[in-house]
Each structure stands twice: as C-alpha cells, then as structure tokens.
RNA sequence: GGAGGUGUCGCCUAGUGGCCUAUGGCGCCCGCCUGCUAAGCGGGUUGAGGGUUACCCCCUCUCGCGGGUUCAAAUCCCGCCACCUCCGCCA
C-alpha cells in the first residue's frame, strides 16, 4: 500500500509512477474520489455519534416527561448513527480496495518500460568458451542424468510436468548449497529461520501476491490457506501487527523454505529441465529497516548475492529491472543473472527487491522512533534458489568426460569432493 | 475432531449495563532531590482516523476479531480466531 498522504498531497507523482510501469492512472483518480467520499462520510458519522453520546449522558439524570422526550429523540438518532456507520464502513472499504490496487511507486533510478527495458549494471567474470576448449557442453538435463543427480522423468510420472527428483549427488548438492548459504548468512549477522510454507490470506495479501500475481499461487482446496511462492511471505508477515523498537533495526532473517508456483502463462517456456518448476527450495534473505536506510540495505543485499555467486565461480551480470517488470510491492529490483552455457545467455539466479514501506503498511509493521511511530521498510533477496543454481554449476563447471568440477568454496559442504563423477554412460 | 477455561495499554492486573474520559503496579521517559549509584518525590507513557494546523486544540474509534440486543456495551447474546487443560487421532 502506498502512503495515503502521498496520494492526497502529490497525486501527480503517483500518476507518473503508473505511467512508468505502463499502467493507467485511472485508479489514482478513482482512489482520490473515494478518499473524498470516505472523509465526508466519516465527518457525517462522527457528527451524529457525538450527538448521540451527548444525549446518552443526559438520560440517567433526566426524569419523567423530559426523560421520555430524550429517549424518543435518541431512538431515531440511534438509527441514523447505524446508517451513517454503515455508509462510512462502505466508503472506507471502497477506498482501501482502490488504494491497495496501486503498486509501489517505482524508484526514480529504475528504468522505465517493460521486461526488455532493463539496464545492465555490470558483468562479472567471463562466460566459459567451450569452443576454444574443443568440446560441446552438455545441458543440465543430460549432466543430471549422467551424474545420477536429477530425475525429471520420474518427477513427471509422480507429480507431473515441471517436477523433478534430486537424487544422489543432486540431493547432496542441495544440502551443500543450503548449508553454505546459511553459513554465509549467519556470518553476515542474519538470524536463520525455517518458516511455514502454508499461510493465511492475510500474509499473501500483505506481501502483494493476491493481486495480478494471484494466478501463480496455489490455494488449498477447502481451507483458506496458500502455499507460498517464496519465504518472503512468511518472513514479511512474521512481524505483522507489531511495533518494533527502532533501535533494534535492521532486523535480518535468512530462511530456508520450499517455494510453490503455478507458472501460469508460461506454457511452452523452459519446458526442458529444472529451470522453471512448480516447486523448489530456496534460501531467502529478508531485512526490516527504515525507509531512509532501505536503499543502502538494498545495496548490501545485492552485495551478499554477488559474494555468493562469486564463491560458486559463476559468470554473471547484474540488471536493474524496468519499472513495468517490478512486482506490485517493489520500488526497485536487481536481478543477478548467471551465464548458462547451453542456452548462450544469462538467466536469473537471484533477485533482490526494495519494497520500502509498501508491505509494511499492508501488514501493519511499524517501528518506534524518537520522532514517533512509522511504517518500516522491507527488503528481500535470494541467496540461493536451488534448481537454477544447480543448473548453472553443472553446466559451467562440466568437463569433457561429463564430470563436474566442484568450486573450492563448495567442497567442504560436499564431503570434500572436488569432482562429481558420472555414474552412468 | 469433542468438552471446559482464558483473552483489558510493552508486562501483570481492577473492572457484572450509564459516575469507564478504563483502575493499580512493574517497566520506560522527563523533571526534582542527591558525593556516585540506589531509594524517594512529581509528571508523562496504546494505537488509528477525521477536523484544524506554526505550535496548540477539538472530535470519533480502539478492552482478541466480527455481528446482535439496548437510548447507552469492556460488561449481556451469537459467530469466529488464538492460547491453556482434558479426551480422541496421529509423524
């Protein structure tokens, strides 16, 4: 939810924000009108209610006919108050729905436009030149089969398309990556977390995943529950309805959790392998801080993501996502994209978003500071999304014989293995 | 899933229809006192919204949440949620 103050005092900024995302500004005008309506209905209700309270006080003291007259008047007043209250509630809800539909105002620095209008901030490392080395790289599905690491056929048999089993060294790889990521996060001062992956509507709604993103969310039939698409959801909702001590900030959490995505609208995209799947595990970083500090915190999250990719010895680039490709809650987003040899292009491995006070307003997360109580800022960033990271590692570090070199930093987490050897021909 | 109990301000707590504009304590903040500290004394201390706006001030809502009864609800009634105890089931 954007700051209602901003909408009222500077609606042009909000309109500009809509335009930058390629969205209509109509909702802004509708929300402004609803705000007017809401305020006048509040005034009307409060006027009647004050009168009712005033008269109510006189009744116990009144006697006889005077009392009868008062009772007569308050009886009709009582009905008016009820009506006014209902009208106010309705106006309030209309306003709130419109306000909630407005996405966070993109940062000035974020590029305008859609998916393809990102800005490349930097490229780190050099994509490996397999032609120069004299062999054709195998893709991760083939490598996964040779190593006995990934079983997509049985994943499809048991759970359907876009499911997989990690087996043997594949399973070992996930556990190694998770432990390594958690060690890095712990070392950076994060509190480690294992959050629930099944949440109530409030958490989903509060993080902005029930708007246009709702198609991508699994809902549990018969219960008002959702499977999270990222642990950002339970981590943001963790402190909902709380007022945190401003001196305790920033609060940083790193969570390991499964993630579930319907991938609606992605039919035909990335159908091969485990680049795009309905379920995967992830270690996610999450920060609570002040709006003023959020930009610096965003850079720190990006820094930890880069540190992570460098330890895995991957070639990657950082992009500044265009406004139209930001989630509802985000004001700015950086993606780290690793080079995938068999695709000949960079693919998103991690992503970090600054949601400023957008989610905090929806979830009622505030901080107490010397100058009062204010909504906090929330930020999230991927440390490791398992399947894509495995894809990048296998494809990047493969050798001509189908074996895969283990990056030095990962070796201690893989029982000291330096090479993953093929188990089938 | 069944039965019973509980839910009041950061924490504990008083409050059984109008004098609740919610009590008292702890903690916290400000001040006084004081070699230092502690103690003592005085004051302050839920949050949201509206009006007004330099500051102040006024009003409404907020006793787990939502309805209802009533001129009037923390208080009575109904539903929901959370926690506790017991039973059943279960990894």
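Numbering (the working numbering), first residue to last: 79 to 503. Yeah, the Cβ is synthetic: ideal placement off N, Cα and C, and Gly gets one too.
(message) To the nearest angstrom, how far is the alpha carbon of residue 343 from that of residue 291?
(response) Position 265 of the first chain, counted from the start, is the residue given in the question as residue 343. Position 213 of the first chain, counted from the start, is the residue given in the question as residue 291. Their Cα atoms are separated by approximately 11 Å.
(message) Which same chain residues end up closer than 8 Å to residue 28 when comparing Cβ atoms and leaving out the 5 residues on each side of it in sequence?
(response) As displayed, the chain neither begins before 79 nor continues past 503, which places residue 28 out of reach and without an answer.
(message) What does the alpha-carbon distance come out to for the pair residue 407 and residue 362?
(response) As a working note, residue 407 is residue 329 in the first chain. As a working note, residue 362 is residue 284 in the first chain. Going from the Cα of residue 407 to the Cα of residue 362 covers about 17 Å.
(message) Check for me: the alpha helix (DSSP H) holding residue 102 runs from which residue to which?
(response) Counting from one through the first chain, the residue named residue 102 turns up at place 24. Counted as a single uninterrupted DSSP element, the stretch harbouring residue 102 is not any alpha helix (DSSP H), since DSSP gives it neither H nor E.
(message) Helix, strand or coil, according to DSSP, for residue 490 in the structure here?
(response) Counting from 1 along the first chain, the entry for residue 490 is found at position 412. Helix.
(request) Starting from the C-beta of residue 245, find all residues in its chain whose C-beta is less than 8 Å away, skip the five residues before and the five after it, and write them out in chain order. (result) Position 167 of the first chain holds residue 245. Residues of the same chain with a CB within less than 8 Å of the CB of residue 245, apart from the 5 flanking positions on each side, are 226, 227, 228 and 229 in chain order.
(request) Return the CA-CA distance between residue 488 and residue 201, expressed in angstroms with no decimal places. (result) Reading the first chain from its first residue, position 410 is the one you call residue 488. Reading the first chain from its first residue, position 123 is the one you call residue 201. In a straight line, the C-alpha of residue 488 is about 23 Å away from that of residue 201.
(request) State the DSSP-derived secondary structure class of residue 235, mapped to helix, strand or coil. (result) What you label residue 235 is simply residue 157 of the first chain in a count that begins at 1. In this structure, residue 235 counts as helix in the three-state DSSP scheme.
(message) By the DSSP assignment, the beta strand (DSSP E) with residue 242 in it spans what residues?
(response) The count along the first chain starts at 1 and reaches residue 242 at position 164. Taken as a continuous stretch (DSSP letters only), residue 242 belongs to no beta strand (DSSP E), as it is neither H nor E.
(request) Rounded to whole angstroms, what's the CA-CA distance from residue 302 to residue 284? Just pull it up for me. (result) One-based indexing of the first chain puts residue 302 at position 224. One-based indexing of the first chain puts residue 284 at position 206. Answer to the nearest angstrom: the Cα atoms are 15 Å apart.
(message) Less than 8 Å between the beta carbons of residue 394 and residue 427, yes or no?
(response) In the first chain, counting from the first residue as 1, residue 394 sits at position 316. In the first chain, counting from the first residue as 1, residue 427 sits at position 349. Yes; because the gap between Cβ atoms is below 8 Å, this pair is in contact.
(message) For a test of the three-state rule: what should DSSP assign to residue 449, helix, strand or coil?
(response) Taking the first residue of the first chain as 1, we reach residue 449 at position 371. In the three-state reduction of the DSSP assignment, residue 449 falls in the coil class, being assigned neither a helical nor a strand state.
(request) Express the C-alpha separation of residue 456 and residue 433 in angstroms, rounding to a whole number. (result) For the purposes of this step, residue 433 is taken as the residue at position 355 of the first chain. For the purposes of this step, residue 456 is taken as the residue at position 378 of the first chain. Approximately 6 Å between the Cα atoms of the pair.
(request) Count the other CB atoms, across all protein chains shown, that sit within 10 Å of the CB of residue 113; report buried if there are 16 or more and exposed otherwise. (result) Here residue 113 corresponds to residue number 35 of the first chain, with the count starting at 1. So residue 113 counts as buried.
(request) Have a look at 483, 444, 401 and 436 and flag the residue whose alpha-carbon is nearest the alpha-carbon of residue 190. (result) Taking the first residue of the first chain as position 1, residue 190 is located at position 112. The residue with the shortest Cα to Cα distance from residue 190 is 401.
(message) Please tell me whether, using a cut-off of 7 Å, the distance from the CB of residue 81 to the nearest non-hydrogen atom of the ligand PLP is below it.
(response) The model on display carries no ligand, and the ligand PLP is accordingly not part of it.
(request) Locate the alpha helix (DSSP H) running through residue 336, then write down its first and last residues. (result) By one-based count along the first chain, residue 336 stands at place 258. Premise fails: residue 336 lies in the beta strand (DSSP E), 329-338, not in any alpha helix (DSSP H).
(request) Please name the residue in 466, 490, 495 and 461 whose C-alpha comes closest to that of residue 266. (result) Counted from its first residue, the first chain places residue 266 at position 188. When only C-alpha atoms are compared, the closest one is 461.
(message) With three or more beta-carbon pairs closer than 8 Å as the criterion, would you say the region 254-261 touches the region 314-326?
(response) no
(request) Starting from the N-terminal side, write out each stretch of the alpha helix (DSSP H) that is 4 residues or longer and does not extend beyond the region 251-312. (result) 279-284
(request) Below 8 Å on the Cβ atoms is my guess for residue 417 versus residue 205; work out the distance and round it to an integer in Å. (result) By one-based count along the first chain, residue 417 stands at place 339. By one-based count along the first chain, residue 205 stands at place 127. Rounded, the Cβ-Cβ distance is 4 Å, consistent with contact.
(request) Indicate whether residue 306 and residue 358 have their beta-carbon atoms separated by less than 8 Å. (result) Residue 306 sits at position 228 when you count from the first residue of the first chain. Residue 358 sits at position 280 when you count from the first residue of the first chain. No, these two residues do not count as a Cβ contact at 8 Å.
(message) Per the DSSP calculation, residue 411 is bridged to which residue(s)?
(response) Sequence index remark: in the first chain, residue 411 carries index 333 (1-based). The partner list for residue 411 (beta bridge, DSSP) reads 431.
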